[in-house]
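In the numbering used here, the protein residues as written are 451 to 682.
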Ligand SMILES: C[S@@+](CC[C@H](N)C(=O)[O-])C[C@H]1O[C@@H](n2cnc3c(N)ncnc32)[C@H](O)[C@@H]1O
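In structure tokens:
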């Protein structure tokens, strides 16, 4: 894929993708809220999420620890070279912090969640998308190869365990779901060989059928959580 171009559904991404990615509906709902203006993505990678936020009318800051990724993300919006464990933002200064497939690399999850909590205003939203090891292929694959694109994987989450950790870190979980029994495998392949994306509409019904029977083996989950105002 050419990550300098924005991710546009109906162009480089099949709209069918979003029939099996339930977090996308909640992402649009959150981004449409008038009180959500100051948005940060931690671990923005190539910036494709930022390009999607822009299509929903929100300019997001991105940050990442890898200079080449920050440079790519800058083609989609303001991106900084910075560490998610030390956010360069003032307390209570952000409305939404988005973290997709980053916490399993970050090393100190409690500290990362504490930083998110510090920077969100009371009532601000943490939008988390993560890979979970409830899926046996992910679990055993990571035992064999605990790395992704050269980055160490160091947090073996389960869906239930992650939801508890987020709640224990001072957030009220409002929406949560598990998905992607085998679709995670499909998501990777068109990245390597873009013409495969044309086959996505045929893969979607297979994933739907699997989710009906073995949703709890889903490899991905999302959590939409609000910063608790009191008690910490
Ligand atoms: C699997 S990629 C996900 C990229 C993007 N969020 C997405 O979903 O396409 C994980 C990203 O997290 C970044 N990352 C890892 N540790 C980080 C940290 N401590 N602070 C900020 N970014 C970090 C990596 O450099 C990488 O770009």
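Even for Gly, the Cβ is constructed at its ideal location relative to N, Cα and C.
Beta strand (DSSP E) segment containing residue 671, residue limits: 670-677
Where the beta strand (DSSP E) containing residue 488 begins and where it ends: Careful: residue 488 lies outside any beta strand (DSSP E) and carries neither H nor E.
Span separating the alpha-carbon of residue 664 from that of residue 540: 43 Å
Test item: CB-CB of residue 476 and residue 674 under 8 Å: yes
Distance CB(residue 523)-CB(residue 500) smaller than 8 Å: yes
Alpha-carbon spacing of residue 559 relative to residue 536, whole angstroms: 12 Å
Residues that residue 531 bridges to, as DSSP identifies them: 514
Proximity test, residue 582 beta-carbon vs ligand 2 heavy atom, cut-off 7 Å: Among the ligands modelled here, namely ligand 1, ligand 2 does not occur.
Residue of 587, 562, 550 minimising C-alpha distance to residue 671: 550
Any non-hydrogen atom of ligand 1 within 7 Å of residue 524 CB: no
With 16 other Cβ atoms within 10 Å as the buried cut-off, status of residue 658: exposed
Touching by the beta-carbon criterion (3+ pairs, under 8 Å), the region 611-623 and the region 565-577: yes
Supposed contact pair residue 544 and residue 467 - C-beta distance, whole angstroms, cut 8 Å: The Cβ separation is near 28 Å, so there is no contact.
Straight-line gap, residue 520 to residue 491 (C-alpha atoms, nearest Å): 12 Å
DSSP state of residue 475 mapped onto helix, strand, coil: helix
Bounding residues of the alpha helix (DSSP H) (the contiguous stretch that carries residue 614): 609-618
Closest residue to residue 457 among 472, 493, 621, 505 (Cα-Cα distance): 505
Residue 603 beta carbon near ligand 1 (any heavy atom closer than 7 Å): no
Buried or exposed (CB count within 10 angstroms, at least 16 for buried), residue 547: buried
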